[in-house]
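By my numbering, the letter at position 1 of the sequence shown is numbered 20, and the numbering carries on one by one without gaps.
The structure under discussion appears below in the form of structure tokens.
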Amino acid sequence: MSGTAECPLVLAEGPKALLDAVEVGPTGALAVGVTGPGGHGKSALLTELARAHRRAGRTVLDGVPGPADPADPEAVLLVDDAHLLDDARLAALHQLVVARRHRLLIGYRPWPRSAALAELAEALKRDGQQLTLTPFTPEQTAAYLARAPELGRWTELADYVHAQTGGVPRDVERLVHGLRGREHGAGLPAEPPRPAVLLFGPDLEELPADVRRLLLAVAAGVPLPMDLLGRLLGSAPEAVDELVASSRATGLLGADGRLAPLVQRAVIALSPATERTAIWHRLTELQLGHGAPVLPLVRSLRAAGVLRDCPAPALKAAAEEVLAGDPALAAELFAAATAAGLPANTRQAVAAALAGDLDAALRLADRLLATAGPGDRAEAATVAATALAHRGQVGRSVELYRWSGTPSSAAFAAVGALAVGRPTPGADLPVADQAGGPPTLRASAARLMAEGVRESVTGPPTAALSALVQAAALLEPDGRAVLLPDSPAALAALTAIHCAEFDIAERVLDRAVTTGIGGPLMTPRHRLLQAWIQMVRGHTAVAAERLAAVTADDRPLESRDLLLASALRLGIARRNSDLESLQRGWGHALEAVVRHPVDLFTLLPLGELAVAGARLGEADRLRPYLHEAWLLLDRLQDPALWSVPLHWTGLHAAILAEEPTVAEEHVAALHAAADHSRYAAVVAAAATSWVDVLRGVVDPVQVEASARGLHDAGLCWDAARLAGQAAIRTSDRRAMTALLECARALQGRPAAPRGGRPATADDGSPQVADAVTAPAQHRLSDREHEVAELVLAGLTYREIGDRLFLSAKTVEHHMARMRSRLNCANRAELLALLRTIVADRSRAAGRQPWPERADEHRRDTAPRKR
């Protein structure tokens, strides 16, 4: 690599020691051989050695002296690219080395290696010094870049450059050249910069055609055994060995037989198109003939923008290879195969559906249903049925599954029929061999899914959960390419949530996400259910993060996932007492309910939306959908597993809507189902306590037992809320303190100190000594800090009371105390001072201050006693 004033040489220990020795002793006999592939810095090192000699007053002569002009012992002879010399000149150099009277600097590549060059190399090892140059280490690459300050200092630069070049100094320099001129802070390009790629043009043009063809074969990115390479290039094994050695000597092919990404890009982009097409076509034929993978080759064609040059059979084979890992790419390759002459097939529709592109899947499946042969028509029907199931058209989906006639389809039809409450007894669960298909893992999993859903309606929760978890386990080894109307993992999680087995639900969802069951189509559903569990447990921040991760790419969700996401968003807002978010999300939630008809697996989000609607005074708008839900459950003879959670949310909706008669009906229904499961018994007891509390009848022992029962069942937020509601409604000061401590403990808040009477506010609510160092007039209790933060966040007194288990009157009292203590003339002055205090406390605790809202001023001046 040539050094420049801006970027001097970066040398390994051997070359650096030699250069230092020359600086100290530039006289006397010395024969130095520098070898290595092209681009490894031979010429740069020889040039630097020559400069060192000239600085010492020595004469440096380029080239080998002729027979009539013997070498001057006082001169330093510099001979670069000695591998290109004829045998006579190599013999003359050999004699000079053996004579040990001259100072020689000789550079050469390891190939071509004639007998005369081999003798010279042996003489240099024996009678002089031989250095073999290697690629930069990562540390040397970083050292080189440190001397190019114009590139900036982003952390990943050294790793990026080393990975793109393999550390070959010439290629490092070229890539650095290509990176110069980029905007500072623009980041690292996904593809090597074009200016860097173009610098390889002269190298490739000078290569022999057979070496360039070899590089093109390697650039395809597929394993190339020697016999395959020989057939590809039409060469004998000995000739292939020579081609490989010659290619390595150029510095373009690595010692491991691979091309660095930068070189690969240059070989693909700059080699003649006719050569590239011919080599890759032939390689494709050989790979297909041996049943070998063709996906790496097709990826290279695609990256080069010449996918159209790939034969249609190779495109189809590559699509099958990549279907499980990247169904979107598989759909693209199937489409390219169709464009290249193959007839359209259902595999393209399957790939599109797995990738989540249900529009494309439905279009293609519908066309194939009308035009394809019997086998393809059956598979097209399953694709269409799956897509319609995700879009809420479960009835039509069941028809298509039944029509397709496969064992898996029959089981999926049974699941869909149960979901809409219209099962056909005994008709949808054929034995696999009776239906004309083998009992594969997929067929067995589908049957277990159907059995699990049927058990959830007619049997105990344990039987249903067992069957569904087993179905999910069967699909884990190869579930990424399985097209599912709903995954057994999602159904197992739903069943577990409905009977409060949240740990089981989490584990089965974690495995489903890890193994990718159902491909990208099912991923949002699994992740949304993970977020749901966090919300129910009261971890609203974690739930919000997971919800945001699902919707981060702004890709539209299918109607079933959209309904779940909408209910999640409102459920989180309700638990955070965030009325503004509730109001903002209500319209979108109603749209989601309209888009997805009611079925068994959407009762959970529907119940959450019912509570949110009651909180907003919009309960009437959901009544038709809730009516349909109760009719569905009635058709299934009111299965407790599915009806109990809906009664529980119905109770809370009735409480918020101030409908005591409806609330009593839900309590009665919960008690009637109390023997069905632990969950049913827990919520039945809690329902009684809740209604009693709202009537002003607070039995602290009963309330705490009910709250702890809810907490132990996993309903942590509900548990804390029940204890908090009871605390602010009892007139017994001791009971209030105990229940507030219980509420805080169940919610994860610290309880008041034990071992004596806790410090209390004027309303009797516990306080904790202030731990913030501040001027005396700015000292606030922990409870007052909580109130201040929530006021600054824009919550009303009632919302703050809901969050902290206080009455709105108590929150108002806290605000009055703070205004008096801080000596503020008005509310605006109080809020300004509270912002400073809260910000200081947040910074002291290592947290970011509460973000200011754009509409804060409007809120600050609005009435707060709601």
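Beta carbons are placed, not taken as given, at the ideal position from N, Cα and C, and that holds for glycine.
Between GLY636 and LEU628, the alpha-carbon positions lie close to 12 Å from each other. Contact between HIS181 and PRO157 holds, since their C-beta atoms are separated by about 5 Å, short of 8 Å. For LEU765, the closest C-alpha among the options ARG727, ALA691, ARG565, ALA703 is that of ARG727. DSSP, reduced to helix, strand and coil, places GLN412 outside both helices and strands of the structure shown, so it counts as coil. When secondary structure is reduced to three states using DSSP, THR293 falls in the helix class.
For the segment 474-545, the continuous alpha helix (DSSP H) assignments of 4+ residues that do not extend past its boundaries occur at 480-494, 507-517, 521-534, in sequence order.
In the structure shown, GLY52 falls within a strand segment according to DSSP collapsed to helix, strand and coil.
Secondary structure of THR707 (DSSP, three-state): helix. Taken through DSSP and simplified to helix, strand or coil, VAL237 comes out as helix. Buried is the label assigned to HIS558, since at least 16 other Cβ atoms lie within 10 Å of its Cβ. Between the beta-carbon of GLN148 and that of VAL51 there is about 5 Å, and that keeps the pair under the 8 Å contact cut.
Proximity of the segment 90-99 to the segment 26-40 falls short of the contact definition, fewer than three beta-carbon pairs being nearer than 8 Å. Listed in chain order, the non-local C-beta contacts of MET837 below 6 Å within the same chain comprise GLU803, local neighbours out to five positions each way being set aside. Taking C-beta atoms as the reference points, ALA343 and ALA500 count as a pair closer than 7 Å.
Counting only the Cα atoms, TYR816 lies some 16 Å from LEU849. Under DSSP, TYR127 forms a beta bridge with THR54. LEU103 sits exposed, since fewer than 16 C-beta atoms from the chains shown fall within 10 Å of its C-beta. In the same chain as ALA706, and ignoring 5 residues on each side of it, the C-beta atoms closer than 6 Å to its own belong to LEU670, VAL686, LEU689, in chain order.
For VAL98, the enclosing beta strand (DSSP E) has its first and last residue at 94-98. Cβ atoms of PRO346 and LEU373 come within 8 Å of each other, at about 4 Å. DSSP links ARG122 through a beta bridge to LEU49, VAL95. The three-state reading of DSSP puts GLN656 in coil, since its state is none of H, G, I, E or B.
Beta-bridge partners of GLN148 (DSSP): VAL51. In this structure, SER290 lies away from LEU251, with their beta-carbon atoms at least 7 Å apart. Annotated as proximal: SER662 and LEU652, with beta-carbon spacing under 7 Å. Short of 7 Å from the beta carbon of VAL722, and not among the five residues preceding or following it, lie these beta carbons of its own chain, in chain order: SER708, VAL712, LEU741, ALA742, ALA745, LEU758. In this structure, DSSP gives LEU278 an extended state, which the three-state scheme calls strand. One alpha carbon belongs to LEU248, the other to GLY220, and they sit about 25 Å apart.
Listed in chain order, the non-local C-beta contacts of ALA279 below 6 Å within the same chain comprise THR184, GLY185, local neighbours out to five positions each way being set aside. Comparing alpha carbon positions, the residue from GLU599, LEU581, LEU622 closest to GLU610 is LEU581. Taking the CA atoms as reference points, THR365 sits about 14 Å from ASP376.
Judged by their CB atoms, ARG193 and PRO56 are not nearer to each other than the 7 Å cut-off. One alpha carbon belongs to ALA258, the other to PRO131, and they sit about 13 Å apart.
Under DSSP, ASP81 forms a beta bridge with LEU97. Looking at LEU64, THR54, ALA264, the one whose alpha-carbon comes closest to that of LEU38 is LEU64. Rounded to whole angstroms, the Cβ separation of ALA391 and GLN367 is 12 Å, and the two are not in contact under 8 Å.
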